[in-house]
Amino acid sequence: METKQALKTYIEQLRGLHFGDMYEGDFFLTWEKTDEELAAVFAVADALRSLREANISTKVFDSGLGVSLFRDNSTRTRFSFASACNMLGLEVQDLDEGKSQIAHGETVRETANMISFMADVIGIRDDMYIGKGNTYMHQVVDAVAQGHADGILEQKPTLVNLQCDIDHPTQCMADMLHIIHTFGGVENLKGKKLAMTWAYSPSYGKPLSVPQGVIGLMTRFGMDVVLAHPQGYEVMGDVEKVAGANAARSQGSFTKTYSMAEAFRDADIVYPKSWAPYAAMEKRTDLYGAGDGDGIKALEKELLAQNAQHKDWACTEELMKTTRGGKALYLHCLPADITGVSCEAGEVDASVFDRYRTPLYKQASFKPYIIAAMIFLAKFRDPAVTLEALEKRGKVRKVQ
Amino acid sequence: METKQALKTYIEQLRGLHFGDMYEGDFFLTWEKTDEELAAVFAVADALRSLREANISTKVFDSGLGVSLFRDNSTRTRFSFASACNMLGLEVQDLDEGKSQIAHGETVRETANMISFMADVIGIRDDMYIGKGNTYMHQVVDAVAQGHADGILEQKPTLVNLQCDIDHPTQCMADMLHIIHTFGGVENLKGKKLAMTWAYSPSYGKPLSVPQGVIGLMTRFGMDVVLAHPQGYEVMGDVEKVAGANAARSQGSFTKTYSMAEAFRDADIVYPKSWAPYAAMEKRTDLYGAGDGDGIKALEKELLAQNAQHKDWACTEELMKTTRGGKALYLHCLPADITGVSCEAGEVDASVFDRYRTPLYKQASFKPYIIAAMIFLAKFRDPAVTLEALEKRGKVRKVQ
Amino acid sequence: METKQALKTYIEQLRGLHFGDMYEGDFFLTWEKTDEELAAVFAVADALRSLREANISTKVFDSGLGVSLFRDNSTRTRFSFASACNMLGLEVQDLDEGKSQIAHGETVRETANMISFMADVIGIRDDMYIGKGNTYMHQVVDAVAQGHADGILEQKPTLVNLQCDIDHPTQCMADMLHIIHTFGGVENLKGKKLAMTWAYSPSYGKPLSVPQGVIGLMTRFGMDVVLAHPQGYEVMGDVEKVAGANAARSQGSFTKTYSMAEAFRDADIVYPKSWAPYAAMEKRTDLYGAGDGDGIKALEKELLAQNAQHKDWACTEELMKTTRGGKALYLHCLPADITGVSCEAGEVDASVFDRYRTPLYKQASFKPYIIAAMIFLAKFRDPAVTLEALEKRGKVRKVQ
């Protein structure tokens, strides 16, 4: 009953929104979507979760493939994508092109079509090289859109960006939905302070897509978003510009600081996480392109040494005490480098992590629904009607 | 409406054909099938495509596995097989035995049964070693047929040859269906000239199964099939005999030439593609068998040098101009070696390839349906009735 | 009709049993289950097989994942698990953590939750290291049970032990169901002699989970179970104690001998199979833990030499003649080391193996149903009702 009522509410929310451009579209970057389009993703994600909680099957496809391409090892995102596809009735097929070998032009066009005869979705994670991942995704979309227009593909598969060099939209949208639920609605976020801060990690070269995705998205809800990192750990300038413009539009703010303490002070939400400097990642991309193994090793050494100068950038109990009431919502995309657990010194104190484990897992649990919602909105012209039809059909997910 | 009419036509075609031996059978080589059996595959493939275009689910299994075994890397065939299984309601499970390790006797028999308890289909690609792939497929079929007879397997999985050392039936049947649609029906093929010609590639050791499959199949429709290659690039003699007999029976012709120009002259269809000499592949198989690494390297060098003498065997604009009206249908199983794109000098001029890209992709798009049709005909005693039942059931593939 | 009658019988059997604790439970070790719980597994396995033989779909899930984690290469168990999941409507997703890297504490807890948002089942094979596999499985179950209690997971996935360092329950339960069917019912097993004996193999380090699983399970049915092996090939002492207690309770017997001949004499059932000494496996686990590569090599050499002293431990025709009427039921979990076929000298004579091939394959064919039954009993509060509902629903597995 309660779930059914919730479902009704989400469908009502959806009805009030404009998101017609998402139909037969793709999901690359959150800032390419309107506020209402993002709200539609949240509403559909919540609605799908309600249906599943009510043991109602959300299978909208009776066959079809969800193609995944991961250029990097992945467990979390892989399972989230597989779960989303499965929930909608699509079977996952992995396209294993290998890690290093980035295909160009003709090959991309051809492969994209060859795998898509029965594909309703393509999910790609390609975050390793600056200037490459997002570009590659666009090439794939251009190829399959052309293939569909030419009558080769009976459907245009929708692309879901599972992490690129610029944004990590499925992660950040899941993070955001978690924030919305935690604070009891998007209307309660106005004026809340969110600290996206760098944190020390003994590994190096962590992607920038999370901090960039966070400042590019979280600035849209009227919050005061602070980006904090040591000097030299700058993120993409273009994304900072997006964040600034967002903040202005939403009557929130976007500021930067080189002090973690300043960022944490009175924060309602903290997201402390390691990443590599943008300039270093650009350099690494060039070195890989040139096949300069020695250069890569030298860069690695240099970056680790640079990181080691900032071991004090950690989410400690002391720092947490300085947040709003000492109990800001702690976020992480996982896995975190936990001091004394997964490493000697890392991003977060063990006791902090322990206290937030359940909300952290809950945060992650939104990702399959976010992905499913992105697919859903690209596939159905009137998703509210389709959701209602699913409820009415009432097919059980698990026989009783 | 249009689709429904087409479906009706395909089912009518099917009703007029004799193909009863395909029920509970397997698909090894096209020349082991009668003309009507092949026509049945085309009709069912077209019918399944019509159903999918009409958004009608073609799931005929509510559970069951499609086992795939690829002894060679494969993206296109893997996705075609996965698509075919998915379309019928079967879940793909890969049997990963590794590339090199060819199992014998007891192991084949045992493994074949152990993977087949719930398997409705087994798809195998094993094209690397002369005299091995097709033999292996027969061992698998013998094993599961015995297992079924002995009451171990509740169903006999049907084997689909996804490429062996002799034939590539799913490829060539897809190529043929593309030809049929392009020329507006099999009845329009009489007297058409098809040139299956060798073309230069900077790689070596490409399988013979495509040229062999093409001359073994395309000679059955009254066409004038010409096989062209440089001296020393002979294909299997047995298959040439098949082609000759086919041509005689269908009142077409099968001829050979050492001149690409001669083959292209006034051709209606051209299929320029690299392959390795049969004798060299036999030698390589022996060298692999003997574990003679140095011998393999020497052979590789020799073959590349031999290839390099025939760089003039390329599908150029000049050559294309000599075909019927300058616009023969250009075929390739993909990926092609495109001059100036994927290599310095290759099988085809970039401008030729560009002009034919859409039809080439369309050609490839038939493969999932061909595979599904082969499975369908092995599984249903009266496929016309089953197809009609699917239409009548009218279950949507994608909810509206 | 016959199948339907059989189904009715199995459901009746089920109704007479107490197995309420299996609901929402897990399957680690057979000796943690009551006799009635094991009987319930057999009854459900037989019922599911009857449904499939009657072409009735047993899909009880309309979406959902079955996660598999294999720390060792596996074809048989992998396909059995995939078949079981498929039969119930779950899609398999492999969690590939690699072979060697055993995750600890936080990582296990986190990964277990991250893969389980849509998981109804987790199947794990982890048999390589003494004291690790079973422990790991418990960590996974503790993590997901907590995740479910905390509202992170909408369902608690059930764990199926696909082989650990202690037991191989899906194998031994399949073996047992094969015995039950061969002897026409569990009531006919009282007083039957079963010989679980070591046999020579030219490989080393074969897991102990099969002999341990066999003596831990087969002693529960009033049989006279004899464990035979050369001196030095002892199995886990704790499991021997379980076997002894079982035998006392079931009014059978559990004895040990160093003579294969004595074990085979008048045996009704023989299970000759190689395994590594428990003490050696413990040592190996320590060496791996210490990363002592030289130590591992030395141990391997030592074990092979030790094995070679017992080449006379083979299931020969002569030995088979000494069994009850010369025709004991020969069991093996496959693949067997067959003398003159897969090795020069091995576990069993080729002629013996040949004679028993069909029953051996039949034995293996129970495993998918056993796994499915374990899942079924963990998922449905009243499985008899659910089975009846499936029959009544009468959805065909394969369209006719």
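First to last, the sequence lines map onto chains A, B and C.
The opening residue of the first sequence carries number 28 in this note's numbering; numbering runs sequentially from there.
The opening residue of the second sequence carries number 28 in this note's numbering; numbering runs sequentially from there.
The opening residue of the third sequence carries number 28 in this note's numbering; numbering runs sequentially from there.
Even glycine gets a Cβ: it sits at the ideal position worked out from N, Cα and C.
Would you kindly work out how many angstroms separate the C-alpha atoms of residue i and residue j, rounded to a whole number?
i	j	result
C:Lys233	C:Ser301	7 Å
C:Gly320	C:Leu314	7 Å
C:His45	C:Ala67	8 Å
B:Ile323	B:His337	22 Å
B:Ser378	B:Met347	11 Å
A:Asp293	C:Leu404	51 Å
C:Met223	C:Glu118	36 Å
C:Thr343	C:Asp376	5 Å
C:Glu415	C:Val148	23 Å
C:Lys217	C:Tyr156	35 Å
B:Tyr50	B:Thr85	18 Å
B:Phe88	C:Leu122	27 Å
A:Met203	A:Met245	7 Å
Listing by chain order, which chain A residues have their CB less than 8 Å from the CB of residue i?
i	result
C:Asp89	Ser84, Lys86, Lys422, Val423, Arg424 and Lys425
C:Thr413	Val426 and Gln427
C:Gly174	Tyr388
Can you name the residues of chain C whose CB is closer than 7 Å to the CB of residue i?
i	result
A:Met141	The premise fails here: A:Met141 is roughly 23 Å from chain C at the closest Cβ pair, so nothing lies under 7 Å.
Whose Cβ in chain C lies nearer than 9 Å to the Cβ of residue i?
i	result
B:Gln120	Arg105, Phe106, Ala109, Ser110, Asn113 and Val119
B:Thr138	Thr102, Arg103 and Pro362
A:Lys389	Asp177, Gly178 and Ile179
A:Gly116	Asp89 and Ser90
By the 10 Å Cβ neighbour count, where 16 or more other Cβ atoms means buried, how is residue i classified, buried or exposed?
i	result
B:Gln390	buried
B:Val269	buried
C:Glu371	exposed
C:Arg408	exposed
A:Glu29	exposed
B:Gly421	exposed
C:Val423	exposed
C:Asn273	buried
B:Gln120	buried
B:Glu329	exposed
B:Arg79	buried
B:Asn161	buried
B:Gly158	exposed
B:Glu64	buried
Mind pulling the chain A residues with CB within less than 7 Å of residue i?
i	result
C:Phe144	Ser110, Ser392 and Pro395
B:Val368	Glu133
So for residue i, helix, strand or coil by DSSP?
i	result
B:Glu118	strand
B:Pro196	helix
A:Pro362	coil
A:Asp293	coil
A:Asn188	strand
A:Arg408	coil
A:Ile179	coil
B:Lys220	strand
B:Leu56	coil
Checking contacts by CB at 8 Å: is residue i closer than that to chain D?
i	result
A:Ala416	In the structure shown, chain D cannot be found, because the protein chains are A, B and C.
Using a Cβ cut-off of 9 Å, pull out every chain A residue sitting near residue i, in sequence order please.
i	result
B:Arg79	Ser90, Met145 and Glu181
B:Thr162	Within 9 Å Cβ-Cβ: nothing; B:Thr162 doesn't reach chain A, min ~29 Å.
What is the C-beta distance between residue i and residue j, in whole angstroms, given that I count them as a contact (C-beta under 8 Å)?
i	j	result
B:Ile23	B:Ala74	Residue 23 of chain B is absent from the model: chain B starts at 28 and stops at 427.
C:Ile179	A:Ser392	6 Å
A:Ala355	A:Asp295	6 Å
C:Asn140	C:Gly93	At roughly 17 Å, the Cβ-Cβ gap does not stay under 8 Å, so C:Asn140 and C:Gly93 are not in contact.
B:Leu358	B:Val297	7 Å
For a contact defined as C-beta to C-beta under 9 Å, what are the partners of residue i on chain B?
i	result
C:Ile365	Glu133
Anything in chain B within Cβ reach of residue i, meaning under 8 Å, just list it in chain order.
i	result
C:Thr30	Within chain B, no residue comes near C:Thr30; the closest Cβ sits about 11 Å away, beyond 8 Å.
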